[in-house]
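Anchor point for the sequence shown: position 2 equals -10 in this note's numbering, and the numbering is continuous, going up by one each time.
From the three backbone atoms N, C-alpha and C, an ideal C-beta is built for every residue, glycine too.
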Amino acid sequence: MPPAASLLPDRAPEPDHVRASALPVDERGPAPASDDARKQDYDEPAEGSAAPAAACDPADFTSRTGSALVQQIKASTTECVNTLFGLSGENARLAFREAQMVTVAYALRDASAAYPGNGTTGVPQLVL
């Protein structure tokens, strides 16, 4: 509940987010190129081609090192990378060797500088 007018100091400045009128056009931020997102019906699922998921073979990760490992991780889905956490025995040892973890950590560091905030660059897979 806002404070009563009698409690406000006389001639208190208006907060920046409260305006009596709209901003002039030259002071407004850029408008989106399309307003299609505003017209989206939230009750309808998004359409897209659901391609079958590629098989996720632990050997694809355990047999690679260096940039080949980084490329394999980035090209995989997060679901695929998540299955690696269920590995055990020799596969787990091969998948999570220190040298591989350091390589992935450096790749994450390098990719984070230009991270656009979505999954298009494979960064989410590196984080896992």
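Around the Cβ of F73, a 10 Å sphere holds fewer than 16 other Cβ atoms; the residue is exposed. Closest in C-alpha terms to T91, from the list Q60, A80 and A43, comes Q60. Secondary structure at G17: coil, using DSSP grouped into helix, strand and coil. Put simply, the backbone Cα of P20 is about 23 Å away from that of D31.
L75 sits close to A83, with the two beta carbons spaced by under 9 Å.
Annotated three-state conformation of T53 is coil, per DSSP.
Between L96 and V69, the C-beta spacing is not below 9 Å. No Cβ-Cβ contact shorter than 9 Å links T50 with Q113.
Secondary structure at A47: helix, using DSSP grouped into helix, strand and coil.
Put simply, the backbone Cα of A80 is about 26 Å away from that of S100.
Straight through space, the alpha carbons of T53 and R85 are spaced by roughly 10 Å. The Cβ atoms of A102 and T108 do not sit closer than 9 Å to each other.
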